[in-house]
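In this note's numbering, the protein residues as written are 267 to 830.
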């Protein structure tokens, strides 16, 4: 044995015991004989080494092998810093006390989680964000908030337009799974790069990046911490990140909270197919041999039962049904579709189209959101409904309540202006809204109209008598033309005034009695003359009152005259 080897063995013999004494947790310990040489130092002796294993082996994770369970894949991608606050504990208690609601959220999410995780990993973003739709919409793509935020990721209309999410009569891409997910991740990346902190980015997603930026600047100016939990923010935003953290904790260790997660295979749930053949959702479900409800859940972006006809039609179907769908699509006859579209040609009307298609015009208007008075023209696309009861009920919530662009809806009322003149000659204009479908207004001279005809006013005056048991025969016998009635009323009114004026008003030309005749004749003549003069004075007074009456009548007639 060479001297170098002997020296190495000697050093190991003296160093190994000291290392073992200093570090009791060392994985291996060497035990050896007291000396490597015999007493004379002439020749080496046989040495015995014992290796003792003093630690438990920790299982390792091979990140190069894809797990079979999607939840495990999500756990591996957790990379956001944890938030440990009382609000997180509060939200954990909230969720575990509602296991049925939590199971429903997880069950709905199994359709969409794989695609979301794929996009997150492709962009290098933390997989905690795959749980964000649970906070936003409980994985309900049809969710609509009071602020009109819609879809899995709850985009308001303005933000949706900013991120090029199409919103029209046919589609709303805020509800589309693929389009809205891509837009949401674009937005999250943008606000993360703005703040450099995922918790602040999440607060911005809920509250707005401008509001969070001002809150951070305010804390910085006051010398306070600028982390998420120290900001002054609304209650909804204060609970926003704790909700996500609570769900992350439950997904990370479901057994700790007594929760059983549904098994989600780590493979695509859906696939996108393109079709140049006009399709409706009910026909697509039949071709894919899939329930209509499943097709609606995968294609929530479509607002109508029929897919838009502008170009290639994109449809999402279950991944295991793609081959069946494509095979059935090759044999499909477009004329057998359940729901169709029809474009009005020049000179055509909705009623004529309805007759030709064998459907009532009222039904055709209903499924297109058209009122009975709405007018449509050439090029307007009509939805022709299915007559299948099952499909009609299933797709009833996709029928429009308002017509698409191009329909002209006449106003439901007009503004009527009435000019009222008082005795002082001052004119007052009164405006009121009159339903268009009401009784027509009769024209009057000089562009005016009479809102309440004389016949109607006479009927209104006679109405109280009918309440006291006046029979129909008596009404017919008493019926007179309006001119005779008004003349009779004027005559009775003037005679009443004659009596009053004869009693109350003295004659203007009345002369005192003379003494030319005898006293008896004087008295008789005076009585006759006085009576004549009273009668004469009464007629004059009647003329005077008649003049004022005619003037009042004109004023009252002026009140009833209306000007448009």
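Note that the Cβ used here is the ideal one computed from N, Cα and C, for glycine as well.
{"query": "Best match in 676, 590, 365, 345 for proximity to residue 845 [C-alpha to C-alpha]", "result": "The structure shown has nothing for residue 845, since the chain only spans 267 to 830."}
{"query": "Other residues of its chain near residue 443: CB distance less than 6 Å, five sequence neighbours each side excluded", "result": "378"}
{"query": "Cβ-based burial, residue 704 [other Cβ within 10 Å; buried from 16]", "result": "Confidence in residue 704 is poor, its pLDDT being 45 and thus under 50, which makes the residue's placement too unreliable to answer from."}
{"query": "Given residue 380 as reference, the closest of 606, 671, 584, 685 once Cα atoms are compared", "result": "584"}
{"query": "Exposed unless 16 or more other CB atoms sit within 10 angstroms - verdict on residue 604", "result": "buried"}
{"query": "Nonlocal neighbours in the same chain, by C-beta distance under 6 Å from residue 486, ignoring five residues either side", "result": "492"}
{"query": "C-alpha gap between residue 551 and residue 541, whole angstroms", "result": "14 Å"}
{"query": "N- and C-terminal bounds of the alpha helix (DSSP H) containing residue 514", "result": "501-518"}
{"query": "Beta-carbon proximity check, residue 404 vs residue 382, cutoff 7 Å", "result": "no"}
{"query": "Cutoff 7 Å; reference residue 820; Cβ partners in own chain excluding five residues on either side", "result": "For residue 820, the predicted structure reports a pLDDT of 44, less than 50, and the residue's modelled location is therefore unreliable. The matter cannot be settled from this model."}
{"query": "Per-residue burial, residue 648 [other beta carbons within 10 Å of its own, 16 or more giving buried]", "result": "buried"}
{"query": "CA-to-CA distance, residue 646 to residue 359, given in whole angstroms", "result": "55 Å"}
{"query": "Spatially closest choice to residue 644 from 627, 622, 672, by CA coordinates", "result": "672"}
{"query": "Close-in-space but distant-in-sequence residues of the same chain around residue 460 (CB under 7 Å, 5 per side omitted)", "result": "475"}
{"query": "Residue ranges of each alpha helix (DSSP H) within the stretch 564-630, 4 or longer", "result": "588-596, 616-623"}
{"query": "Within the stretch 350-407, ranges of the beta strand (DSSP E) (whole runs, at least 3 residues)", "result": "none"}
{"query": "Boundaries of the alpha helix (DSSP H) in which residue 449 is found, first to last residue", "result": "443-461"}
{"query": "Sequence ranges, alpha helix (DSSP H) only - wholly within the stretch 458-500, length at least 4", "result": "464-473, 475-487"}
{"query": "Distance between residue 512 and residue 468 (C-alpha atoms, nearest Å)", "result": "14 Å"}
{"query": "Residue 400 beta carbon less than 7 Å from that of residue 371", "result": "yes"}
{"query": "Beta-carbon contacts of residue 384 that lie in its chain and below 7 Å, excluding the five residues immediately before and after", "result": "none"}
{"query": "Close beta carbons around residue 347, own chain, < 8 Å, minus the five adjacent residues each side", "result": "464, 465"}
{"query": "Local Cβ density within 10 Å of residue 453, reported as buried at 16 or more and exposed below that", "result": "buried"}
{"query": "Option nearest residue 524 by Cα separation, candidates 368, 700, 354, 339", "result": "368"}
{"query": "Between the CA atoms of residue 696 and residue 688 - distance to the nearest angstrom", "result": "13 Å"}
{"query": "Outcome for residue 411 when other beta-carbon atoms lying within 10 angstroms are tallied against a minimum of 16", "result": "exposed"}
{"query": "Close Cβ partners of residue 832 (< 6 Å) along its chain, the five nearest in sequence each way excluded", "result": "Residue numbering for the chain in the displayed model covers 267 to 830; residue 832 lies beyond these limits and cannot be assessed."}
{"query": "Simplified DSSP state of residue 682, which is helix, strand or coil", "result": "strand"}
{"query": "Where the alpha helix (DSSP H) through residue 549 begins and ends", "result": "547-553"}
{"query": "Residue 637, DSSP secondary structure in three states", "result": "coil"}
{"query": "Status (buried if at least 16 other CB within 10 Å, exposed otherwise) for residue 424", "result": "exposed"}
{"query": "Residue 582 and residue 549 closer than 7 Å at C-beta", "result": "no"}
{"query": "Alpha helix (DSSP H) segment containing residue 648, residue limits", "result": "Not the alpha helix (DSSP H): residue 648 falls in the beta strand (DSSP E), residues 647-650."}
{"query": "Reduced DSSP secondary structure (H/G/I, E/B, other) of residue 561", "result": "helix"}
{"query": "Distance between residue 375 and residue 355 (C-alpha atoms, nearest Å)", "result": "23 Å"}
{"query": "Reference residue 338, options 446, 532, 588, closest by Cα", "result": "532"}
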